[in-house]
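Asker: Structure below; questions to follow.
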Amino acid sequence: MGRLNLMLVLVVGLILSDGLAQAAEPAKAVPVHQVLVLNSYHPGYVWADSVTEGLRSVFDTRGSSLRVSFEYMDTKRYRPEEIFGTLKEVYRLKYGAVRFDVIVAADNNALNFLLLHRNELFPGTPVVFCGINGFDEAMIAGHAGYTGVAEDYDLAGTLDLALAMHPEARYVAYVSGASTSSRINRERLLKLIPAYEERVTFLDLSMKPIDDLKASLSSLPDKTLVLYLSYYLTPDGVRLTVQESTSLVFTHSGCPVYSPWEYTLGSGVLGGLMLSGRRQAEEAARIALRILNGEAPGKIPVLRHTAIEPIFDYRILRHFSIPHNRLPRGSVIRYEPVTVYYQYKYIIWATLGFLAYQSVTIVVLMRIIARRKRAEAREKKLEAQLRQSHKMEAIGTFAGGIAHDFNNILGGITTCTELALEEVGEEGTAREDLSHVLKAARRGKSLVRQILAFSRDKQQEKQPVQMTRLLTECRQLLKSSIPATIDVRLDLKARSGLVLADPTQIHQVIMNLCTNAAHAVENQKGFIEITLDAVDLDNKAALVHPDLSPGRYSRLRVRDNGKGIPPEDMERIFDPFFSTRKEQGGTGLGLSMSHGIVKRHQGAITVASHPGRGTIFTVYLPCAHAAEPARDGGEAPPIPKGKERVLLVDDDEQMIYGTEKMLCRMGYEVVAHTESLAALKAVRTDPRGFDLVMTDHMMPYLNGMELANEIRALCPEMPIILYSGYQDGTGSPPAGDLEDHGIRAFMKKPFNRAELARTLRKVLNPEETKKR
Numbered sequence: 028m029g030r031l032n033l034m035l036v037l038v039v040g041l042i043l044s045d046g047l048a049q050a051a052e053p054a055k056a057v058p059v060h061q062v063l064v065l066n067s068y069h070p071g072y073v074w075a076d077s078v079t080e081g082l083r084s085v086f087d088t089r090g091s092s093l094r095v096s097f098e099y100m101d102t103k104r105y106r107p108e109e110i111f112g113t114l115k116e117v118y119r120l121k122y123g124a125v126r127f128d129v130i131v132a133a134d135n136n137a138l139n140f141l142l143l144h145r146n147e148l149f150p151g152t153p154v155v156f157c158g159i160n161g162f163d164e165a166m167i168a169g170h171a172g173y174t175g176v177a178e179d180y181d182l183a184g185t186l187d188l189a190l191a192m193h194p195e196a197r198y199v200a201y202v203s204g205a206s207t208s209s210r211i212n213r214e215r216l217l218k219l220i221p222a223y224e225e226r227v228t229f230l231d232l233s234m235k236p237i238d239d240l241k242a243s244l245s246s247l248p249d250k251t252l253v254l255y256l257s258y259y260l261t262p263d264g265v266r267l268t269v270q271e272s273t274s275l276v277f278t279h280s281g282c283p284v285y286s287p288w289e290y291t292l293g294s295g296v297l298g299g300l301m302l303s304g305r306r307q308a309e310e311a312a313r314i315a316l317r318i319l320n321g322e323a324p325g326k327i328p329v330l331r332h333t334a335i336e337p338i339f340d341y342r343i344l345r346h347f348s349i350p351h352n353r354l355p356r357g358s359v360i361r362y363e364p365v366t367v368y369y370q371y372k373y374i375i376w377a378t379l380g381f382l383a384y385q386s387v388t389i390v391v392l393m394r395i396i397a398r399r400k401r402a403e404a405r406e407k408k409l410e411a412q413l414r415q416s417h418k419m420e421a422i423g424t425f426a427g428g429i430a431h432d433f434n435n436i437l438g439g440i441t442t443c444t445e446l447a448l449e450e451v452g453e454e455g456t457a458r459e460d461l462s463h464v465l466k467a468a469r470r471g472k473s474l475v476r477q478i479l480a481f482s483r484d485k486q487q488e489k490q491p492v493q494m495t496r497l498l499t500e501c502r503q504l505l506k507s508s509i510p511a512t513i514d515v516r517l518d519l520k521a522r523s524g525l526v527l528a529d530p531t532q533i534h535q536v537i538m539n540l541c542t543n544a545a546h547a548v549e550n551q552k553g554f555i556e557i558t559l560d561a562v563d564l565d566n567k568a569a570l571v572h573p574d575l576s577p578g579r580y581s582r583l584r585v586r587d588n589g590k591g592i593p594p595e596d597m598e599r600i601f602d603p604f605f606s607t608r609k610e611q612g613g614t615g616l617g618l619s620m621s622h623g624i625v626k627r628h629q630g631a632i633t634v635a636s637h638p639g640r641g642t643i644f645t646v647y648l649p650c651a652h653a654a655e656p657a658r659d660g661g662e663a664p665p666i667p668k669g670k671e672r673v674l675l676v677d678d679d680e681q682m683i684y685g686t687e688k689m690l691c692r693m694g695y696e697v698v699a700h701t702e703s704l705a706a707l708k709a710v711r712t713d714p715r716g717f718d719l720v721m722t723d724h725m726m727p728y729l730n731g732m733e734l735a736n737e738i739r740a741l742c743p744e745m746p747i748i749l750y751s752g753y754q755d756g757t758g759s760p761p762a763g764d765l766e767d768h769g770i771r772a773f774m775k776k777p778f779n780r781a782e783l784a785r786t787l788r789k790v791l792n793p794e795e796t797k798k799r
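Going letter by letter, the sequence shown gives residues 28 to 799 in this note's numbering.
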């Protein structure tokens with residue numbers, strides 16, 4: 028009892044330290060389930076350890092949502108009647124403040140303890156048991172909340188298996204000790220003996236001290252099998268481990284030893300129809316998780332006759348010369364040594380591989396060299412593509428950032444030019460110049476959209492384009508922008524040269540190629556020859572141009588007699604930011620953008636050059652099988668006007684100046700503000716003083732959509748038009764967002780007078796617009 032008192036003091040100390048640690052822990056938001064495991068035995072006992080491993084293998088899958096406390100009752104070394112009272116007080120002190128969600132009882136003593144004290148220590152807590160020897164439903168009758176896995180080991184099956192493998196056997200000696208489990212196992216065997224008495228004679232070696240048992244085992248007759256029923260506690264109080272007891276039985280008997288439990292393997296037991304403690308524990312853990320998930324324990328039946336299979340020790344099979352073909356189908360063999368092949372298979376295969384490699388060294392080496400060169404070429408190509416991707420991303424970021432400001436500038440140019448055209452009249456001497464300014468502004472608008480599209484690799488709208496007309500226009504522009512010493516020759520051999528393309532992009536390709544040609548000729552006397560014809564590419568011709576499919580193409584050639592391109596620069600000529608004229612301000616983007624445009628039009632671009640003899644760029648574009656592009660015809664419809672009062676808001680003074688003046692020319696009364704807060708103040712001052720609000724989107728303080736929200740709060744029915752210099756998804760709000768903010772229309776800068784007039788009338792008088 029002195030030892031028990033010392034144990035109690037130590038446990039109380041652990042309780043106090045554990046309680047302080049728990050008090051110091053911060054509260055957790057996620058609920059944690061509490062599980063208590065009562066193990067009848069002690070750590071290091073083979074069966075107890077296998078049960079713990081099985082429980083942990085299942086509980087660990089729940090992570091931190093499950094807190095499991097393990098208690099070992101140590102009833103192998105202390106009798107239950109000696110220790111139950113002490114354990115009850117220990118658990119009362121240790122877990123009095125803990126509310127467990129489920130308790131797992133491993134083996135009979137843990138279950139018996141809970142049947143006696145659960146209602147007092149853990150009232151109402153569900154109990155899941157496993158490893159219960161000699162289980163009967165009467166054991167838990169009258170106790171609610173109990174379920175689990177019965178230890179229905181197959182003693183008869185093990186006997187049948189042993190006799191089937193040893194048909195010559197005439198005796199069966201059974202060994203058991205003084206423990207509770209030994210007594211239960213012995214009683215079960217005694218009930219089975221009458222069924223086997225005609226086949227074999229049973230020899231009782233139970234309840235013997237160690238020396239007497241050794242003598243009895245040594246004097247067993249021939250043709251005897253030994254049935255091990257557990258021998259951990261001798262009648263005189265000596266305790267043995269599983270390994271010690273099974274080794275003793277095997278060593279002193281020299282007979283095949285059978286057992287119905289897997290944990291007894293390893294020190295002399297041959298095998299049997301064995302029950303696995305680990306698998307029983309896994310089943311019990313899964314039942315516990317079902318209860319934690321809300322399933323009632325009373326609706327879960329006790330599992331019977333589970334986790335049993337024929338298992339044998341390879342070493343003992345060899346000792347008795349029992350071949351594997353005598354084992355039952357599906358048998359599991361433990362402790363089977365690894366064969367030489369499996370033990371050294373990596374070394375064997377490595378040796379064979381090395382010998383094979385040596386035999387074909389020359390051929391393989393040549394192939395490796397060839398593959399390596401191709402791999403290096405692919406790697407360089409991938410690196411170049413990655414660099415290009417990063418550069419295109421940088422272009423996209425840069426282009427998106429300047430689009431708004433650049434479109435503001437173009438908006439001011441467009442509006443002021445249209446106003447000037449209206450003032451000079453049809454016969455004004457400046458009208459032609461102003462028309463060119465307006466045309467250039469529109470082309471700048473298209474150029475911004477094109478740069479954004481190129482940097483984002485987006486598909487643009489295409490239309491039938493007459494190449495001959497486009498080349499004629501480009502030639503006129505070139506003559507006014509390059510030195511007069513360079514002769515621009517145009518040779519149009521194709522009758523129509525109709526392609527399906529974005530005219531602005533194709534225009535840029537032509538201008539880029541011709542500008543590069545002019546730079547190649549520099550200030551010398553030379554020429555640029557532009558040729559257009561149509562060619563049919565068959566399958567053989569398409570092989571020369573892998574990017575092209577067989578079919579009819581418009582072929583554009585730009586040839587010059589300049590200095591040519593050095594051979595070392597030919598492979599990089601279409602790379603972004605590569606330029607031979609960086610000192611003269613070259614960006615290296617012209618040919619790269621041209622290459623991307625042609626590729627997106629399902630075409631191809633090639634280059635041929637000889638230093639000192641000039642360069643030829645050839646562009647292939649698929650011919651369009653469509654009608655001629657629509658021609659401008661008839662007079663433009665009249666510009667619709669109005670008399671309403673318009674509040675104009677834009678932080679750009681040029682846009683305010685041109686747009687305000689244009690609206691006034693249309694007959695509107697305009698109040699303009701360059702600050703959104705000032706415009707909001709004007710509406711608050713006179714909520715009914717305006718018929719429409721027209722606002723830019725990107726402004727300081729309040730952007731266009733925020734300003735629209737504030738105005739709608741004051742005047743819910745106020746029509747609002749939003750416009751922006753951002754394009755192609757870099758800042759344009761989605762249509763659904765426009766409706767949510769009460770915005771009736773959206774325009775992209777720069778807009779012209781006709782577009783502005785139609786949008787205002789559409790918003791102010793939608794019915795009149797429909798009639799038109």
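By construction, the Cβ of each residue, glycine as well, lies at the ideal position given by its N, Cα and C atoms.
Looking at the secondary structure, which residues open and close the beta strand (DSSP E) in which residue 775 lies?
Answerer: Here residue 775 refers to the residue found at position 748 when the sequence shown is read from its first residue. Per DSSP, residue 775 belongs to the beta strand (DSSP E) from 772–775.
Asker: Compare the C-alpha of residue 676 against each of 393, 699 and 750 and name the closest.
Answerer: Sequence index remark: in the sequence shown, residue 676 carries index 649 (1-based). Comparing Cα positions, the closest option is 699.
Asker: Could you tell me the alpha carbon to alpha carbon distance between residue 192 and residue 114, rounded to whole angstroms?
Answerer: Within the sequence shown, residue 192 is the residue found at index 165, counting from 1. Within the sequence shown, residue 114 is the residue found at index 87, counting from 1. Whole-angstrom Cα-Cα distance: 46 angstroms.
Asker: Quick check on the burial criterion: 16 or more other C-beta atoms within 10 angstroms. Buried or exposed for residue 214?
Answerer: As a position in the sequence shown, residue 214 is number 187, starting the count at 1. Its Cβ having fewer than 16 others within 10 Å, residue 214 is exposed.
Asker: For the alpha helix (DSSP H) containing residue 314, name the first residue and the last one.
Answerer: As a first step, residue 314 is located in the sequence shown; it is residue number 287 there, counting from the start. Start and end: 304–319.
Asker: Exposed or buried, residue 156, counting other C-beta atoms within 10 Å across all chains shown (16 or more means buried)?
Answerer: Reading the sequence shown from its first residue, position 129 is the one you call residue 156. Looking at its Cβ environment, which holds 16 or more other Cβ atoms inside 10 Å, residue 156 is buried.
Asker: Within a Cβ cutoff of 8 angstroms, which residues of the same chain sit near residue 135, ignoring the five residues on either side of it in sequence?
Answerer: Your numbering for residue 135 matches position 108 in the sequence shown. Cβ neighbours of residue 135 beyond the five flanking positions: 67, 158, 159, 160, 161, 207, 208 and 211.
Asker: In the DSSP output, which residue or residues are listed as bridge partners for residue 173?
Answerer: Translated into positions along the sequence shown, residue 173 becomes position 146. In DSSP, residue 173 forms a bridge with 154.
Asker: To the nearest angstrom, how far is the alpha carbon of residue 696 from that of residue 719?
Answerer: For the purposes of this step, residue 696 is identified with residue 669 of the sequence shown, where counting begins at 1. For the purposes of this step, residue 719 is identified with residue 692 of the sequence shown, where counting begins at 1. For residue 696 and residue 719, the distance between alpha carbons rounds to 11 angstroms.
Asker: Which term fits residue 767, buried or exposed, when burial requires 16 or more other beta carbons within 10 angstroms of its beta carbon?
Answerer: Reading the sequence shown from its first residue, position 740 is the one you call residue 767. Burial call: exposed.
Asker: Measure the alpha-carbon distance for residue 802 versus residue 279 and round it to whole angstroms.
Answerer: This structure cannot settle anything about residue 802, because the visible part of the chain is limited to 28 through 799.
Asker: Using a threshold of 8 angstroms, state whether the C-beta atoms of residue 536 and residue 621 are closer than that.
Answerer: As a working note, residue 536 is residue 509 in the sequence shown. As a working note, residue 621 is residue 594 in the sequence shown. Yes, they are a contact pair.
Asker: Can you give me the C-alpha to C-alpha distance between residue 711 and residue 741, rounded to a whole angstrom?
Answerer: Start at 1 with the first residue of the sequence shown, and residue 711 comes out as number 684. Start at 1 with the first residue of the sequence shown, and residue 741 comes out as number 714. Approximately 7 angstroms, taken between the alpha carbons.
Asker: Strictly by DSSP, which residues pair up with residue 641?
Answerer: Numbered from its first residue, the sequence shown carries residue 641 at position 614. Partner(s): 637.
Asker: Cα-Cα, which of 781, 180 and 409 is closest to residue 667?
Answerer: If you number the sequence shown from 1, residue 667 lands on position 640. The option with the nearest alpha carbon to residue 667 is 781.
Asker: For a quick check, are the C-beta atoms of residue 674 and residue 704 less than 8 angstroms apart?
Answerer: Locating residue 674 in the sequence shown gives position 647, counting from the first residue. Locating residue 704 in the sequence shown gives position 677, counting from the first residue. Not in contact: residue 674 and residue 704 (Cβ atoms no closer than 8 angstroms).
Asker: Is the CB-CB distance between residue 747 and residue 771 below 8 angstroms?
Answerer: Stepping through the sequence shown from its first residue, residue 747 is reached at position 720. Stepping through the sequence shown from its first residue, residue 771 is reached at position 744. In contact: residue 747 and residue 771 (Cβ atoms closer than 8 angstroms).
Asker: Would the stretch 502–510 count as touching the stretch 572–589 if we require 3 or more Cβ pairs under 8 angstroms?
Answerer: Judged by Cβ distances under 8 angstroms, the stretch 502–510 makes no contact with the stretch 572–589, as fewer than three pairs qualify.
Asker: Sorted by chain position, which residues of the same chain lie with C-beta nearer than 6 angstroms to residue 152's C-beta, five sequence neighbours on each side aside?
Answerer: On the sequence shown, residue 152 is found 125 positions in, with the first residue counted as 1. 127 and 130.
Asker: Determine the burial state of residue 597: buried for a count of at least 16 other Cβ atoms within 10 Å of its Cβ, exposed for fewer.
Answerer: The sequence position of residue 597 within the sequence shown is 570, counting from 1. Exposed.
Asker: Looking at residue 86: is its Cβ nearer than 8 angstroms to the Cβ of residue 377?
Answerer: Here residue 86 corresponds to residue number 59 of the sequence shown, with the count starting at 1. Here residue 377 corresponds to residue number 350 of the sequence shown, with the count starting at 1. Cβ distance not < 8 angstroms, so residue 86 and residue 377 don't count as in contact.
Asker: May I have the straight-line CA-CA distance separating residue 564 from residue 463, to the nearest angstrom?
Answerer: Here residue 564 refers to the residue found at position 537 when the sequence shown is read from its first residue. Here residue 463 refers to the residue found at position 436 when the sequence shown is read from its first residue. Whole-angstrom Cα-Cα distance: 40 angstroms.
Asker: Using only the alpha-carbon positions, how far apart do residue 578 and residue 649 sit?
Answerer: Position 551 of the sequence shown, counted from the first residue, corresponds to residue 578. Position 622 of the sequence shown, counted from the first residue, corresponds to residue 649. Approximately 8 angstroms between the Cα atoms of the pair.
Asker: Give me the Cα-Cα distance between residue 404 and residue 644, rounded to the nearest whole angstrom.
Answerer: Translated into the one-based positions of the sequence shown, residue 404 becomes position 377. Translated into the one-based positions of the sequence shown, residue 644 becomes position 617. Going from the Cα of residue 404 to the Cα of residue 644 covers about 25 angstroms.
Asker: How would you write the range of the alpha helix (DSSP H) that residue 272 sits in, first residue to last?
Answerer: Taking the first residue of the sequence shown as position 1, residue 272 is located at position 245. Unbroken alpha helix (DSSP H) run through residue 272: 269–280.
Asker: Go ahead and pull the three-state DSSP assignment for residue 778.
Answerer: Taking the sequence shown and counting its residues from 1, the one referred to as residue 778 is at position 751. DSSP places residue 778 in coil when its eight states are reduced to three.
Asker: Rounded to a whole number of angstroms, what is the C-alpha to C-alpha distance between residue 250 and residue 218?
Answerer: Taking the first residue of the sequence shown as position 1, residue 250 is located at position 223. Taking the first residue of the sequence shown as position 1, residue 218 is located at position 191. In a straight line, the C-alpha of residue 250 is about 23 angstroms away from that of residue 218.
Asker: In the DSSP output, what is residue 341 paired with across the bridge?
Answerer: By one-based count along the sequence shown, residue 341 stands at place 314. DSSP lists no partner for residue 341.
Asker: Helix, strand or coil for residue 297, going by three-state DSSP, please let me know.
Answerer: Numbered from its first residue, the sequence shown carries residue 297 at position 270. Three-state result, residue 297: coil.
Asker: Secondary structure at residue 97, three-state DSSP: helix, strand or coil?
Answerer: Against the sequence shown, residue 97 aligns to sequence position 70. Three-state result, residue 97: strand.
Asker: Alpha helix (DSSP H) containing residue 689: first to last residue?
Answerer: Stepping through the sequence shown from its first residue, residue 689 is reached at position 662. Run containing residue 689: 680–692, per the alpha helix (DSSP H) assignment.
Asker: Judging by CA-CA distance, which residue of 665, 581, 641 and 273 is the nearest neighbour of residue 629?
Answerer: Numbered from its first residue, the sequence shown carries residue 629 at position 602. Closest by alpha carbon: 581.
Asker: Leaving out the 5 sequence neighbours to the left and right, which residues in its chain are closer than 6 angstroms to residue 574 when beta-carbon positions are compared?
Answerer: Within the sequence shown, residue 574 is the residue found at index 547, counting from 1. Here the set comprises 631.
Asker: What are the partner residues of residue 229, as DSSP defines its beta bridges?
Answerer: Position 202 of the sequence shown, counted from the first residue, corresponds to residue 229. 199, per the DSSP bridge assignment.
Asker: Looking only at its own chain, which residues have a Cβ that is under 7 angstroms from the Cβ of residue 205, when we skip the five neighbours before and after it?
Answerer: By one-based count along the sequence shown, residue 205 stands at place 178. Only 234, 260, 261 and 262 meet the Cβ criterion.
Asker: With distance defined between alpha-carbon atoms, name the residue in 637, 548, 284 and 707 nearest to residue 595.
Answerer: Within the sequence shown, numbered from 1, the residue matching residue 595 stands at position 568. Closest option to residue 595, Cα to Cα, is 637.
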